[in-house]
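Asker:
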Amino acid sequence: MSFYDRQGIPEALLRDHPEEETAQQDQDRRDSNYQVWEDEDSASQSSTSDDTFEDDVLTLRDYSFISVNADGATFEMHRLVQLATRKWLKVHDQLEQWKQRFVSNLCAAFPTGDYENWAVCQALFPHAKSAAAQRPEREDSLRGWASLLYKAAWYAWQIGNGVEAESMSLHSIRTRKKILGPVFFMGG
């Protein structure tokens with residue numbers, strides 16, 4: 001939560017997102033015996049994960065580290081609590097790990113800037129602006145960060161926010177050039 005904009009943090013962005021399946025997991029799914037056990041484990045893990053998440057939210061709320069909005073699905077976190085949390089993560093060498101998760105979750109949730117996605121984009125745009133100011137160091141995170149900024153720039157351009165669109169698109173282009181090389185952008 002410490003990387004998002006301090007207001008309107010959707011619950012969906014805070015939950016764990018399953019990673020892409022490996023070839024072995026895909027093969028295991030084809031095995032009917034494995035499937036039965038997996039279904040039972042998945043239901044159990046989902047319930048445990050939900051309970052853990054709810055317990056964590058209650059603890060943070062009880063200590064006034066966060067507040068839950070009236071809708072029950074979005075949160076707020078004071079700026080100083082965010083800063084203190086990021087400092088703690090840095091001291092404990094976990095800053096990049098959590099920044100990567102932040103970028104990954106936000107990139108997965110942020111749709112293209114097409115008109116039909118504007119309501120979702122509007123809710124997530126402040127968080128994309130926050131992400132723009134927190135460039136990750138790891139290359140695998142940089143790819144997601146560049147993609148997120150591209151989608152956010154697209155939305156900003158569509159709604160007529162040229163200044164934000166230009167800034168985000170330039171960050172995205174520069175990062176992609178650094179990762180992919182200038183030849184990629186020249187079409188060669």
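Note that UniProt numbering has the sequence shown beginning at 1, numbered continuously upward. Every residue gets a Cβ at the ideal spot worked out from N, C-alpha and C, and that includes glycine.
Tell me whether residue 112 sits in a helix, a strand or coil according to DSSP, three-state version.
Answerer: The answer is coil: DSSP assigns residue 112 none of H, G, I, E or B.
Asker: Report buried or exposed for residue 103, applying the criterion of at least 16 other Cβ atoms within 10 angstroms of its Cβ.
Answerer: By the 10 Å Cβ count, residue 103 comes out buried.
Asker: Answer yes or no: do residue 172 and residue 153 have a C-beta to C-beta separation smaller than 8 Å?
Answerer: Their beta carbons are under 8 Å apart, which means residue 172 touches residue 153 by this criterion.
Asker: Check whether the segment 95-102 touches the segment 56-65, counting contact only when three or more Cβ pairs, one atom from each stretch, lie closer than 8 Å.
Answerer: Taking 8 Å as the limit for Cβ pairs, the verdict is that the segment 56-65 does not touch the segment 95-102.
Asker: What residues in its chain sit with their C-beta under 6 Å from that of residue 169, if we drop five residues either side in the sequence?
Answerer: Closer than 6 Å at the Cβ level, and outside the excluded window around residue 169, lie 153.
Asker: Using three-state DSSP, classify residue 227 as helix, strand or coil.
Answerer: Here the chain covers residues 1 to 188 and nothing more, so residue 227 does not appear.
Asker: Which class does residue 168 belong to by DSSP, given the choice of helix, strand or coil?
Answerer: Residue state, collapsed to three classes: helix.
Asker: Helix, strand or coil, according to DSSP, for residue 10 in the structure here?
Answerer: In this structure, residue 10 counts as strand in the three-state DSSP scheme.
Asker: Our contact map puts residue 5 next to residue 127 with C-beta atoms below 8 Å; I'd like the distance itself, whole angstroms only.
Answerer: Right, their Cβ atoms sit about 5 Å apart.
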